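What follows is one structure encoded as structure tokens, with my remarks underneath.
Residue numbers (the working numbering): 23 to 621.
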């Protein structure tokens, strides 16, 4: 391909000099001829020299220079150069694959950007396939699952039906796994796949065949026990669990509970020592009226130290002991409720938010100067990219914070900057600058505008946004919730109906914030501005939350509501969003009252 055509294929960047007419000052009678002053090309001086060389190489189709840039360092420019060459059709597929591997080595991975990651791996796989590297292609296609192109390619490339079936099984594509077997016997694949699909009779048969083939395969015996449980063959299931290594206490506890022997079931579950399983036992103890035993169990969970269950258990022990008039155990339980948790707030233990910063000021990092120059030449993507890459490489927290502040204040980048600051907070940095970065007022004008429109506290929007998407506008959850406010498609369409408009683009920041805030207003009306019900409904659905709150178990009692939300995700969601809200209010001197009791 001729150099000019190649350059046009890579990137068309015009290299033009900027001429400015300068006129003499003061009144004159005869106009002087204009003097043309040529402003120097900014790419010909620091800090844009490297970008100038890259730009010139693109214009000339100089692939060798671009490749040298791609491997020169770990900067964003190297990443950009590698990506350009990886996507260049003029290169040999093996050369393109080398550059894709460089892209993967430099790329900042973000677990929330699943769509982009899958699309990238499909492209890597296609180039690997063209380069005659089928194993590398298959590996990349596996990472791209469940992308439809990856599914089709694995069906085509993986000729061994057992390996193909296992690939789909590992990716939780259970129907495809069974389809790949096409009637062939492979009980270690059939059993898990049928069980996941709810085909419990067929799963039981497969697990039993697996046990016959490999008598010591614990996974086969466990699968058999759980299949019997799902088929409600209680006596056989209990015996199967009892025969497992360790006695199968969890399974036996569930069998006992399902057959009305909740006291025995609770004993089995408590014997496991696993907080999540002990938590289930406590509900049975409460239901059967064994409140003292429930308090003891909650205290055991609280002392276990499990971050998910300890605070919930300590608070529940406090509630039950107080109802019993047991002041001593109530006091012990209250001591176990950690400050900084939502239940700590309810007991008057405030969230401690730093109001001052002692972080050393640093000279302007080179990356900030480079970003400013890139912004001047309107390369916003590179400005942000260089800052993010430099932030990743920095080891001095003061430098990390300075770059993160620049990203948020000047470039509107909140995801990676907040992520870096949150890591510093988790590591124990109690500094106001760091905390404000970890709890940013992201997309401020947009959030404040729609919050004012729908009369919703902006801090609540940011608190939910932080929990939902960690400020990534391209976040996609496993349940297909999308964007900053993580609205699922069915709710998105329903909100559009409420707004009497065609559904907007969920990946557009303004549309996503607008729909999310509108939904919060609807929930506020539905729940008479009850903040806890609004928050839990945003996660779990307003119908379920109202039924729970008004049902026989909770009967409107707030403490029982906290305990008997059936989904762990929703219980944790409520607590984290409410702590976020308290943190935002304190960090930014919100005049609303603290959430702590008595304040």
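Cβ atoms here follow ideal geometry from the backbone N, Cα and C, with glycine treated the same way.
Only a predicted model underlies this, so the values are computations on that prediction, with no experimental measurement involved.
With 16 or more neighbouring CB atoms inside 10 Å of its own CB, residue 212 falls in the buried class.
If you draw a 10 Å sphere on the C-beta of residue 71, you find fewer than 16 other C-beta atoms in it, and that means exposed. Across the structure, residue 88 and residue 77 are spaced so that their CA atoms are roughly 9 Å apart.
Taking 8 Å as the upper bound for CB-CB distance, residue 230 and residue 246 are in contact here, some 6 Å apart.
Per the DSSP secondary-structure output, residue 498 pairs in a beta bridge with 504. Under the DSSP definition of a beta bridge, residue 509 partners with 504.
For residue 123, the enclosing alpha helix (DSSP H) covers residues 115 to 128. For residue 404, the enclosing alpha helix (DSSP H) starts and ends at 402 to 415. Pairwise C-beta distances place the segment 482 to 494 in contact with the segment 594 to 609, as three or more of them are shorter than 8 Å. DSSP places residue 611 outside both helix and strand once states are collapsed to three, so it counts as coil. In this chain, the alpha helix (DSSP H) harbouring residue 485 covers 480 to 491. With respect to the 8 Å criterion, residue 583 and residue 600 are not classified as neighbours on the basis of their beta carbons. Shown here, residue 290 sits in a helix according to DSSP, grouped into three states.
For the 8 Å CB-CB criterion, residue 149 and residue 169 do not form a contact. In the three-state scheme derived from DSSP, where H, G and I count as helix and E and B as strand, residue 371 is classed as coil. Secondary structure at residue 363: coil, using DSSP grouped into helix, strand and coil. For the options 108, 524, 488 and 528, the alpha carbon positioned closest to that of residue 511 is the one of 528. Here residue 294 is near residue 300, since their CB atoms are less than 8 Å apart.
Burial state of residue 254 is exposed, judged by a 10 Å Cβ sphere holding fewer than 16 other Cβ atoms. Nearest in C-alpha terms to residue 298, of all of 318, 284, 326 and 160, is 326. When DSSP assignments are scanned along the segment 404 to 473, the uninterrupted stretches of alpha helix (DSSP H) that are 4 or more residues long and fall wholly within it turn out to be 419 to 433, 437 to 448 and 454 to 460. For residue 192, the uninterrupted alpha helix (DSSP H) run begins and ends at 183 to 192, by DSSP. Contact between the segment 377 to 385 and the segment 397 to 416 is absent: fewer than three C-beta pairs spanning the two stretches fall below 8 Å.
In terms of Cβ geometry, residue 499 and residue 508 form a close pair [threshold 8 Å].
In the three-state DSSP reduction, residue 522 falls in the coil class, being neither helix nor strand. For residue 113, the CB contacts under 8 Å within the same chain, skipping 5 residues up- and downstream, are 85, 107 and 121 in chain order.
Rounded to whole angstroms, the separation of the alpha carbons of residue 445 and residue 497 is 19 Å. Assignment of residue 539 by DSSP, reduced to helix, strand and coil, places it in the helix class. Residue range 222 to 235 is occupied by the alpha helix (DSSP H) that includes residue 222.
Nearest to residue 276 by alpha-carbon distance, out of 306, 268, 265 and 267, is 306.
For the 8 Å CB-CB criterion, residue 175 and residue 184 do not form a contact. With 16 or more other Cβ atoms inside 10 Å of its own Cβ, residue 195 counts as buried. Taking all protein chains in view, the Cβ of residue 573 is surrounded by fewer than 16 other Cβ atoms within 10 Å, so the residue is classified as exposed.
Restricting attention to 228, 477, 375 and 351, the CA atom closest to the CA of residue 361 is found in 375. Residue state for residue 93 is assigned as coil, using DSSP reduced to three classes. CA-to-CA, the gap between residue 321 and residue 550 works out to about 35 Å.
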